[in-house]
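Student: Pasting a structure below so you can have a look.
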Amino acid sequence: MTAFVKDFRGDLNGIENKITHGSGVFIDLESIFSAWCFSHMLKEIVLSDDLFLKIVSREIPADIVYETSSVLAFRDINPQAPVHILIIPKIRIPTINDLRSQQSELLGKLFLAAAEIARDEGISKDGYRVVMNCNEAGGQMVYHIHLHLLGGRQMTWPPG
Ligand code: AMP
Numbered sequence: 017m018t019a020f021v022k023d024f025r026g027d028l029n030g031i032e033n034k035i036t037h038g039s040g041v042f043i044d045l046e047s048i049f050s051a052w053c054f055s056h057m058l059k060e061i062v063l064s065d066d067l068f069l070k071i072v073s074r075e076i077p078a079d080i081v082y083e084t085s086s087v088l089a090f091r092d093i094n095p096q097a098p099v100h101i102l103i104i105p106k107i108r109i110p111t112i113n114d115l116r117s118q119q120s121e122l123l124g125k126l127f128l129a130a131a132e133i134a135r136d137e138g139i140s141k142d143g144y145r146v147v148m149n150c151n152e153a154g155g156q157m158v159y160h161i162h163l164h165l166l167g168g169r170q171m172t173w174p175p176g
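Count along the sequence shown from 1, add 16, and you get the number used in my numbering.
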C-alpha cells in the first residue's frame with residue numbers, strides 16, 4: 017500500500033495536480049486521492065475485523081453444523097428460536113448490496129444449505145423462516161452476509 021501511495025504521488029507530481037474545470041472550478045487531485053485512500057483504509061479495517069471470517073478460519077469458536085468448500089453454518093450465539101442457525105459464504109461479502117451477478121450460484125448454495133439443515137434439524141415439515149438483514153434499517157449487525165434459519169416455534173408476521 018505504501019509503495020502504491022508513493023507511486024501514485026509520484027504520478028501526481030508528474031502532472032499538474034490542479035485541473036481547471038470548464039466553469040473555472042479547481043479539482044484538487046490530491047484531496048480526491050486523500051479521500052480515496054481514507055475510504056479504502058476504512059474498508060480494510062472493517063473487513064479485517066470480519067467476525068464471521070474468523071469463525072471460518074477457526075480463530076473464533078462456533079457450534080458448526082454444516083460445512084462445504086464455499087459455505088459454513090453455525091448456531092447463533094443469541095438464538096431467537098429453538099433452532100437459529102446462521103449460514104454464511106466463506107468469502108467476504110459485507111451486505112446484499114455488495115453481491116455481484118457471478119455470485120448468484122453461491123447465493124443459491126446458501127439457500128440449498130438452509131433446506132438441508134432444516135431437514136437435519138427436523139423442522140422442514142412444520143416450516144421455518146429464512147431471513148437476511150441488510151444495513152442498519154434492516155437490522156444488520158454483522159457485515160458479512162448471512163442467512164438466519166429460524167424454526168422450532170410459530171413465527172409471527174410482521175417481523176419486528
Ligand atoms: P444480523 O443482525 O442479521 O447481522 O445478525 C447477526 C447475528 O450474529 C446475530 O443474531 C448474533 O446473535 C449473531 N452472532 C454474533 N456473534 C456471533 C458469534 N460469535 N457466534 C454466533 N453467532 C453470532
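The beta-carbon is built from N, C-alpha and C at its ideal position, and this holds for glycine as well.
Under the rule that 16 or more other beta-carbon atoms within 10 Å means buried, what is residue 67, buried or exposed?
Tutor: To locate residue 67, count along the sequence shown from 1; it is residue 51. It is exposed - the Cβ of residue 67 has fewer than 16 other Cβ atoms within 10 Å.
Student: Short of 6 Å in beta carbon distance, which residues of its chain neighbour residue 99, apart from the five on each side in sequence? Order them along the chain.
Tutor: Translated into positions along the sequence shown, residue 99 becomes position 83. Result list for residue 99: 137, 139, 167, 168, in chain order.
Student: Helix, strand or coil: which one does DSSP assign to residue 83?
Tutor: Taking the sequence shown and counting its residues from 1, the one referred to as residue 83 is at position 67. Here residue 83 sits in strand by DSSP.
Student: Count the other C-beta atoms from every protein chain shown that fall within 10 angstroms of the C-beta of residue 71, then say buried if there are 16 or more, exposed otherwise.
Tutor: Here residue 71 refers to the residue found at position 55 when the sequence shown is read from its first residue. It counts as buried.
Student: Quick one, which of 92, 101, 145, 163 has its alpha-carbon nearest residue 124's?
Tutor: Taking the sequence shown and counting its residues from 1, the one referred to as residue 124 is at position 108. Selected option, being the one with the closest Cα: 163.
Student: Consult DSSP for residue 88 and reduce its assignment to one of helix, strand or coil.
Tutor: The residue given as residue 88 occupies position 72 in the sequence shown. Strand, per DSSP.
Student: Measuring only the C-alpha atoms, how far is residue 114 from residue 170?
Tutor: Position 98 of the sequence shown, counted from the start, is the residue given in the question as residue 114. Position 154 of the sequence shown, counted from the start, is the residue given in the question as residue 170. About 32 Å.
Student: Going by DSSP, what residues sit across from residue 123 in a beta bridge?
Tutor: If you number the sequence shown from 1, residue 123 lands on position 107. The partner list for residue 123 (beta bridge, DSSP) is empty, contrary to what the question assumes.
Student: Identify, in the order they occur along the chain, each residue of the same chain with its Cβ nearer than 8 Å to the Cβ of residue 148, setting aside the five sequence neighbours on each side.
Tutor: Translated into the one-based positions of the sequence shown, residue 148 becomes position 132. Cβ within range, chain order: 112, 161, 162, 163, 164.
Student: Spell out the partners DSSP gives residue 165 in its beta bridges.
Tutor: Translated into positions along the sequence shown, residue 165 becomes position 149. Looking at the DSSP assignment, residue 165 forms a beta bridge with 101, 146.
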